[in-house]
Amino acid sequence: MRKTRPNHLAGFGSSLWLLVVGLPLYAMLVATFQSRADYAANGPLALPRHFTLDNYVNDLDSGFAQYFLNTVIVTAAVVGLVLLLVPPLAYAIVRNDGKATGRVFRLFLLGLAVPSQAVIVPMFYLINEAGLYDNLLGVILPTAAFAMPVCVLILTGVMRDITPELYEAMTVDGASPWTVFHRLVLPLSKSGLSTIVVFSSLQAWNGFLFPLVLTQSSENKVITMGLYDFQTEHGVDIPGLLAAVVLSMLPILLVYLFARRALVQGLMGVGGK
Amino acid sequence: MVKSLWLSLLLTVLGVVVQTPISVLLGVWAAGRQRNRAVLSAIYFVPLLLSITAVSVLWRAVLDPNFGVPSQAKWLFGDGNLFGTQAGALGVLVFVSTWQFTPLHTLIYQGAARAVPGVLYEAARIDGAGTVRQFFHITLPQLRNTVVTSMILMVVGGLTTFDTVLILTQGGPGTDSTNTAYYMYQKAFKSFDFGSASAIALLLVLVATLVSLVMVRLTGYDRMRSTMEGV
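Read top to bottom, the protein sequences are chains D and P. Read in order, the letters of the first sequence correspond to residues 1 to 273 in the numbering used here. Read in order, the letters of the second sequence correspond to residues 1001 to 1231 in the numbering used here.
Written out as structure tokens, the structure reads:
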């Protein structure tokens, strides 16, 4: 399989792409560690002369601590809802041949084809009518709803791989459906569960359209909205802006360092969007 | 309205044309199991982790006409204001989407390239085919199903692009980069014309579904032979 001759063309191409990916990330990092005046004087690619953390401190003081907390709340609630609803649903779809479950499953598959932009207007109406406008719950519910189709698809796929003999063995021993669910199905679906946790938390953490349309006040801002408003209001403070970008991506990068496999699998679910 | 639809289609086509060759090459390259490739792939992956918002804000700052890279490299960027012309604005939109989403498609192609049976390459090598010929006569034909899958994802993603436009160009200059999704957002939440916004949204879903179906038909994806024949 392996080539013995070094492939110079591939080496050149891959280094070029490394530059394309790496340079902006590098420019972002160095910008955050210098003052605005230094940044304007040095240009975007120079190393900082006077190292400073002021940009991060200022961002956290000017509201980003609150936005960060809001995003954590939204993410935790979305993951909680998905974990509460999707595993029993997938279990029912896999273990039940009835017409109704088949219809429910097809309904969820239909949800895969609907982009959130397409329903944002009715969603705005609905959330308003429910009295949840400018409320974190009003962001949590649609975000969880839009994460669910992919999660249902992933988890039913995993649960279908559990051999029927195992179910039969447990049923013969007199186990109730609930016992089968939490003693057999859940432990054997661990990989699928971690994928849907990663997928739904990324959707919630990175979500933009629902918060943009459904929230307004600064106490209910999530971090992506904080970035957007920072840019429209103080777009010239580039080091401060980029420090906020770094803050927003920090948790994901940490997870990426320690749980790369689970994260990549969760991201592949993004393809269904 | 019609202009925004053309712009959406143009952005989508440009996105597919730019992203596909890059991600095929990177994906096939990353399918090799060398250690350095695994490390580099891990770095290539980072843009996909970030939110579209963060990526757009980052590029807006890096390409800022006054403080960004263009102001330093006038020989390359002219007057430095990439957002001042239609070509510049569309170019930025296509480039930023490519920067962010190439890893996703690279990953898809990587998985597919690893699934190509090794015996095909052995046979080709015995027949005296070099790396380049192996790529064009074995790898590419074996990836044809994957190309369609990846392109449909690009088309649906491209037609519904919204966040990038809002943050990077605000549809400007003028309305020269106002694609349909952004036009719909303006109609709904700037002019509060919810009725026509909903109509545009429905149209967008229809066009996206239609284009996907036409692609499946044109490429013969639905009656394509298995790539495993004769292996």
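Note that beta-carbon positions come from the ideal geometry of N, C-alpha and C, so glycine has one too.
As assigned by DSSP and simplified to three states, the class of P/Gly1158 | Within the second sequence, the letter at position 158 stands for residue 1158 of chain P. Note: P/Gly1158 maps to helix in three-state DSSP.
Going along the chain, which residues of the stretch 1043-1061 of chain P sit with their C-beta nearer than 9 Å to a C-beta in chain D?
-> Those would be Ile1043, Tyr1044, Phe1045, Val1046, Pro1047, Leu1048, Leu1049, Leu1050, Ser1051, Ile1052, Thr1053, Ala1054, Val1055, Ser1056, Val1057, Leu1058, Trp1059, Arg1060, Ala1061, in chain order.
In chain P, what lies closer than 7 Å to D/Met28 by C-beta?
-> In the first sequence, residue 28 of chain D corresponds to position 28, counting from 1. Within chain P, Leu1058 have C-beta atoms less than 7 Å from the C-beta of D/Met28, given in sequence order.
Buried or exposed (CB count within 10 angstroms, at least 16 for buried), D/Thr4 = Here residue 4 of chain D corresponds to residue number 4 of the first sequence, with the count starting at 1. Unreliable positioning characterises D/Thr4 in this predicted model, as indicated by a pLDDT of 49, which lies under 50. A coordinate reading is not provided.
Spatial neighbours of D/Pro44 in its chain, beta-carbon cut-off 6 Å, leaving aside the 5 residues before and after = Working through the first sequence from its first residue, we reach residue 44 of chain D at position 44. Excluding positions up to five away in sequence, the list reads Ala27.
Any chance the CB of P/Met1151 is under 8 Å from a heavy atom of the ligand ZN?
-> Looking at this structure, you won't find the ligand ZN or any other ligand, since it has none at all.
Close Cβ partners of D/Leu227 (< 8 Å) along its chain, the five nearest in sequence each way excluded | The count along the first sequence starts at 1 and reaches residue 227 of chain D at position 227. For D/Leu227, same chain residues with a beta-carbon under 8 Å away, outside a window of 5 residues either side, are Leu241, Ala244, Val245, Ser248 in chain order.
Alpha helix (DSSP H) runs wholly inside the stretch 139-182 of chain D, at least 4 long, in chain order | Listed in chain order, the complete alpha helix (DSSP H) runs (minimum 4 residues) inside the stretch 139-182 of chain D are 164-172, 177-180.
Helix, strand or coil for D/Arg2 per DSSP?
-> Within the first sequence, the letter at position 2 stands for residue 2 of chain D. Any reading at D/Arg2 needs caution, since the residue's pLDDT is 46, under 50, leaving its predicted position unreliable; the model's value is listed next. The answer is coil: DSSP assigns D/Arg2 none of H, G, I, E or B.
Which residues in the same chain have their Cβ closer than 8 Å to the Cβ of P/Val1094, if we skip the five residues on either side of it in sequence?
-> In the second sequence, counting from the first residue as 1, residue 1094 of chain P sits at position 94. Here P/Val1094 has Leu1011, Leu1014, Gly1015, Val1018 as same chain residues with Cβ atoms under 8 Å from its own Cβ, once five neighbours each way along the sequence are excluded.
Contact set for D/Val158: own chain, Cβ-Cβ below 7 Å, skip 5 residues either direction = Taking the first residue of the first sequence as 1, we reach residue 158 of chain D at position 158. Closer than 7 Å at the Cβ level, and outside the excluded window around D/Val158, lie Ser189, Ser191, Gly192.
How about D/Cys151 and D/Ser201: are their beta carbons less than 9 Å apart?
-> By one-based count along the first sequence, residue 151 of chain D stands at place 151. By one-based count along the first sequence, residue 201 of chain D stands at place 201. In this structure, D/Cys151 sits away from D/Ser201, with a CB-CB distance that is not shorter than 9 Å.
For D/Leu215, which option in D/Gly131, D/Pro251, D/Val255, D/Thr156 has the closest C-alpha, if you only look at C-alpha atoms?
-> Locating residue 215 of chain D in the first sequence gives position 215, where the first residue counts as 1. For the record, residue 215 of chain D in the displayed sequence is Thr; it is not Leu. When each option's Cα is compared against that of D/Thr215, the closest is D/Gly131.
When the distance is taken between beta carbons, is D/Thr195 closer than 9 Å to D/Asn287?
-> This structure gives no information on residue 287 of chain D, because the portion of chain D shown stretches from 1 to 273.
Exposed unless 16 or more other CB atoms sit within 10 angstroms - verdict on D/Trp178 = Reading the first sequence from its first residue, position 178 is the one you call residue 178 of chain D. With fewer than 16 other Cβ atoms within 10 Å, it is exposed.
Going along the chain, which residues of the stretch 106-122 of chain D sit with their C-beta nearer than 8 Å to a C-beta in chain P?
-> Against chain P - using a Cβ distance shorter than 8 Å - the residues of the stretch 106-122 of chain D are Ala113, Val114, Pro115, Gln117, Ala118, Val119, Ile120, Val121, Pro122.
Members of the stretch 199-214 of chain D that neighbour chain P once the beta carbon cut-off is set at 9 Å | Cβ contacts with chain P come from Leu202, Trp205, Asn206, Gly207, Phe208, Leu209, Leu212, Val213.
Residues near D/Gln265 in its chain [Cβ-Cβ closer than 6 Å; skip 5 each side] = Along the first sequence, one-based indexing puts residue 265 of chain D at 265. Once the five neighbours on either side are set aside, the close Cβ partners of D/Gln265 are Thr195.
Give, in chain order, every residue of the stretch 1173-1205 of chain P whose Cβ lies closer than 8 Å to some Cβ of chain D.
-> Under the 8 Å Cβ criterion, the stretch 1173-1205 of chain P contributes Ala1181, Met1184, Tyr1185, Ala1188, Phe1189, Phe1194, Ala1197, Ser1198, Ala1201, Leu1202, Leu1204, Val1205.
Could you please give the first and the last residue of the uninterrupted alpha helix (DSSP H) stretch that includes P/Ile1138?
-> For this step, residue 1138 of chain P is matched to residue 138 along the second sequence. DSSP places P/Ile1138 in no alpha helix (DSSP H); its state is neither H nor E.
If you run the structure through DSSP and keep just helix, strand and coil, what is P/His1105?
-> Taking the first residue of the second sequence as position 1, residue 1105 of chain P is located at position 105. Helix at P/His1105.
contact_flag[the stretch 1029-1044 of chain P, the stretch 1165-1174 of chain P] where n(CB pairs < 8 Å) is 3 or more | No: fewer than three Cβ pairs fall under 8 Å.
Given that a residue counts as buried once 16 or more other Cβ atoms are within 10 Å of its Cβ, and exposed if not, what is P/Arg1060?
-> Residue numbering aside, residue 1060 of chain P sits at position 60 when the second sequence is read from its first letter. By the neighbour-count rule (16 or more Cβ atoms within 10 Å), P/Arg1060 is buried.
Check D/Leu186 in the structure and name its three-state DSSP category.
-> Working through the first sequence from its first residue, we reach residue 186 of chain D at position 186. Assignment of D/Leu186 by DSSP, reduced to helix, strand and coil, places it in the helix class.
N-terminal and C-terminal residue of the alpha helix (DSSP H) that D/Asp38 is part of | Reading the first sequence from its first residue, position 38 is the one you call residue 38 of chain D. Counting along the chain, the unbroken alpha helix (DSSP H) around D/Asp38 starts and ends at 36-42.
Taking the alpha carbon of D/Arg183 as the point to measure from, which residue in D/Phe208, D/His50, D/Tyr167 has its own alpha carbon closest?
-> Start at 1 with the first residue of the first sequence, and residue 183 of chain D comes out as number 183. The shortest C-alpha separation from D/Arg183 is found at D/Tyr167.
Alpha carbon of D/Phe146 to alpha carbon of D/Leu110, nearest angstrom = By one-based count along the first sequence, residue 146 of chain D stands at place 146. By one-based count along the first sequence, residue 110 of chain D stands at place 110. The straight-line gap separating the alpha-carbon atoms of D/Phe146 and D/Leu110 is approximately 11 Å.
For D/Thr101, the first and last residue of its enclosing alpha helix (DSSP H) = On the first sequence, residue 101 of chain D is found 101 positions in, with the first residue counted as 1. Its alpha helix (DSSP H) spans residues 99-112.
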